[in-house]
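Report on the following structure.
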Amino acid sequence: MNGDTLEKLRALVAAIRGNRFQSSRLAGVGEIAGVGEIASVEDFTARVPFTTKADIVADHAAHPPFGSNLTFPKERYTRFCQTSGTTAQPLAILDTPESWDWMLGNWARIYRECGIAPGDCVYFAFSFGPFLGFWTAFEGAAKYGCLCIPGGGLSSAARIRGIVQHRAEVLLCTPTYALHLAEVAAREGLSLRDSAVRKIFVAGEPGGSVPAVRERISAAWNGAEVLDHYGMTEVGPVAFQRGKKFDASGKVLADGEPGALHIIEESYFAEIIDPANGTPVADGTTGELVLTTLGREASPLLRYRTGDLVHRRAGAGFVLEGGIRGRTDDMLVVRGVNIFPSAVDAVVRALPEIAEYRVHVTRNGAMTELAIEIESADDTSAPRLAAKLTEAFALRIPVTRVAIGPLPRFELKARRWVKG
């Protein structure tokens, strides 16, 4: 870790001394306790405790409505966002103009690395609810110089017509919703060969780094490049995938790098730990991603345990091979086999005739069991998927085929795994 990161860690600790949440946790650490500067990055990790989602939830409960992780007087804050509530009660998080601009700067880096250029027309197929990613992605693109088209409040049919009509070159949405929009286009009689979309920027689910999902989306969108992204409302936009870059004539200047997410190291101090005991893991070993926000002083997080499982590539840079592999809290043990939803998704998406699916999780005494429903017009798809699942996991997982249409479609994070 370079000296620049150490200086940013020292500056962060010094800047947040008025933050009640952080001060109570950092007693005896560096500038806050008046015991001198942090000596090294190793000193920082040895003396600063992890922060968990449970810590933030408890703080919000004790100090409603916004918690005490506020470095400045409330009058300085101008932005409100809220977590999705996927794993806990939604949390309201505030930002000052300075912290917001820091996140927009991260987005400029992301767009540049993805091969998105100022002047590109970008369509945001979002609802524009209170989630941070919607607003920072949109404002970041506008500040970067893109023509930004919001799709909030529109039906999927209206969105796909707008994408084609306005010649959008870049589409932002979840992987699931990109596939759903392609289905809607077919239903509406719109050919995506007439679309100008050449890059599809996906987030919110692991699919953007899963080869089968990426290939399925690209095929549905006339060969568009699929780009993955990673971020969280709690910490901001974190990582980018390098995309293809073109000159003015359309000639490829640089190839993309699918399946690899690069942490923005200028903005985040990242670690990977063993989720069981909190110790660092070696490069090439899967562990839990931990992040410290180096520039979001308004609502900082130090050594935040994201719950996301990643695998760091050996060598220069902090590169996550395969993107986000899963979550520490979504792994199931089925008859002794560890099963992650992303691994099941990869198997299902390799069969293009399957339009949608749902996984039922049940308990049979002490045993966890899975069963899968699929939408497909092909009556051979269920036995073929069952065989693929057995090949992948050495388990027999029942697969049932239903007609096209009854399973839910998702605009935000897909929730295909249901209990009972």
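Per numbering that gives the first Met the number 0, residue 0 is the first one in the sequence shown, and the count goes up by one each step. Note that CB positions come from ideal geometry on N, CA and C, so glycine has one too.
Using a Cβ-Cβ cut-off of 8 Å (strictly less than) and excluding sequence neighbours within five positions of residue i, which residues of its own chain qualify?
{"i": "D58", "result": "F20, G66, S67, N68"}
{"i": "S428", "result": "The structure shown does not extend to residue 428, since the chain spans only 0 to 419, so no value can be given for it."}
{"i": "V169", "result": "I115, D119, C120, V121, Y122, C145, V196, R197, K198, I199, F200"}
{"i": "A107", "result": "G139, K142, Y143"}
Could you tell me the distance, in whole angstroms, from the CA atom of residue i to the CA atom of residue j?
{"i": "I373", "j": "L331", "result": "20 Å"}
{"i": "L260", "j": "R348", "result": "21 Å"}
{"i": "N363", "j": "R408", "result": "29 Å"}
{"i": "Y267", "j": "S298", "result": "14 Å"}
{"i": "E224", "j": "V201", "result": "11 Å"}
{"i": "A14", "j": "S22", "result": "11 Å"}
{"i": "E296", "j": "A61", "result": "21 Å"}
{"i": "T284", "j": "I272", "result": "9 Å"}
{"i": "E320", "j": "I403", "result": "35 Å"}
{"i": "V417", "j": "E355", "result": "14 Å"}
{"i": "G151", "j": "D227", "result": "21 Å"}
{"i": "F63", "j": "I92", "result": "It is Pro, not Phe, that sits at residue 63 in the sequence shown. Going by the C-alpha atoms only, they are around 11 Å apart."}
{"i": "D420", "j": "S375", "result": "Here the chain covers residues 0 to 419 and nothing more, so residue 420 does not appear."}
{"i": "L290", "j": "R304", "result": "7 Å"}
{"i": "P149", "j": "E265", "result": "29 Å"}
{"i": "Q81", "j": "Q164", "result": "32 Å"}
{"i": "R24", "j": "V47", "result": "8 Å"}
{"i": "G203", "j": "E390", "result": "28 Å"}
{"i": "T367", "j": "D329", "result": "13 Å"}
{"i": "G222", "j": "R78", "result": "38 Å"}
{"i": "R414", "j": "D246", "result": "40 Å"}
{"i": "V336", "j": "F392", "result": "7 Å"}
{"i": "P351", "j": "G325", "result": "23 Å"}
{"i": "I338", "j": "L388", "result": "11 Å"}
{"i": "D42", "j": "L5", "result": "10 Å"}
{"i": "L11", "j": "D3", "result": "12 Å"}
{"i": "Y76", "j": "A156", "result": "37 Å"}
Specify, as a first and last residue, the run of the alpha helix (DSSP H) that residue i falls within.
{"i": "T232", "result": "That residue, T232, is in no alpha helix (DSSP H); it is neither H nor E in DSSP."}
{"i": "I216", "result": "210-219"}
{"i": "G139", "result": "131-143"}
{"i": "G52", "result": "For the record, residue 52 in the displayed sequence is Lys; it is not Gly. Start and end: 52-61."}
{"i": "E390", "result": "380-392"}
{"i": "Q164", "result": "155-164"}
{"i": "M102", "result": "96-113"}
{"i": "A342", "result": "340-348"}
{"i": "S23", "result": "19-24"}
Along the beta strand (DSSP E) that carries residue i, what are the first and last residues, could you check?
{"i": "F268", "result": "267-272"}
{"i": "H261", "result": "259-262"}
{"i": "L180", "result": "L180 -> not in any beta strand (DSSP E); alpha helix (DSSP H) instead, spanning 174-186."}
{"i": "V251", "result": "251-253"}
{"i": "L200", "result": "According to the sequence displayed, residue 200 carries Phe and not Leu. Unbroken beta strand (DSSP E) run through F200: 198-201."}
Ignore the nearest five residues each way along the sequence and tell me which others in residue i's own chain have a CB closer than 6 Å to its CB.
{"i": "P274", "result": "E287, T327"}
{"i": "A253", "result": "K244"}
{"i": "E112", "result": "F239, R241"}
{"i": "P397", "result": "A370"}
{"i": "F49", "result": "R302, R304"}
{"i": "F127", "result": "F133, G151"}
{"i": "E256", "result": "R241"}
{"i": "A184", "result": "I159, L191"}
Given a threshold of 16 other Cβ atoms within 10 Å of its Cβ, counted over all protein chains shown, does residue i qualify as buried or as exposed?
{"i": "G294", "result": "buried"}
{"i": "E187", "result": "exposed"}
{"i": "N18", "result": "buried"}
{"i": "S194", "result": "buried"}
{"i": "P405", "result": "exposed"}
{"i": "K250", "result": "exposed"}
{"i": "R334", "result": "exposed"}
{"i": "R395", "result": "exposed"}
{"i": "F125", "result": "buried"}
{"i": "G230", "result": "buried"}
{"i": "A167", "result": "buried"}
{"i": "P236", "result": "buried"}
{"i": "G33", "result": "With a pLDDT of 46 at G33, under the threshold of 50, the predicted position of this residue should be treated as unreliable, and no value is reported."}
{"i": "V234", "result": "buried"}
{"i": "P382", "result": "exposed"}
{"i": "T379", "result": "exposed"}
{"i": "E270", "result": "buried"}
{"i": "G322", "result": "buried"}
Ignore the nearest five residues each way along the sequence and tell me which others in residue i's own chain have a CB closer than 7 Å to its CB.
{"i": "A211", "result": "A345, R348, A349"}
{"i": "F71", "result": "T95, A297"}
{"i": "E182", "result": "A354"}
{"i": "I162", "result": "Y122, L170, S194, V196"}
{"i": "K7", "result": "L293"}
{"i": "I109", "result": "H228, P236, F239"}
Legend entry - Any 3 or more C-beta pairs closer than 8 Å across the stretch 206-217 and the stretch 170-182: Contact between the stretch 206-217 and the stretch 170-182 is present, because at least three Cβ pairs lie under 8 Å.
Inset, instruction - Specify whether the stretch 354-367 and the stretch 233-242 touch according to this definition: at least 3 beta carbon pairs, one from each stretch, less than 8 Å apart. - result: no
Inset, instruction - Assess, as a yes-or-no matter, whether the stretch 303-314 is touched by the stretch 276-283 under the definition of 3 or more beta carbon pairs within less than 8 Å. - result: yes
Inset, instruction - Please determine if the stretch 98-108 and the stretch 130-142 are in contact, where contact requires at least 3 C-beta pairs separated by less than 8 Å. - result: These segments touch.
Inset, instruction - Determine, using beta-carbon pairs with one atom in the stretch 205-214 and one in the stretch 256-271, whether at least three such pairs fall under 8 Å. - result: yes
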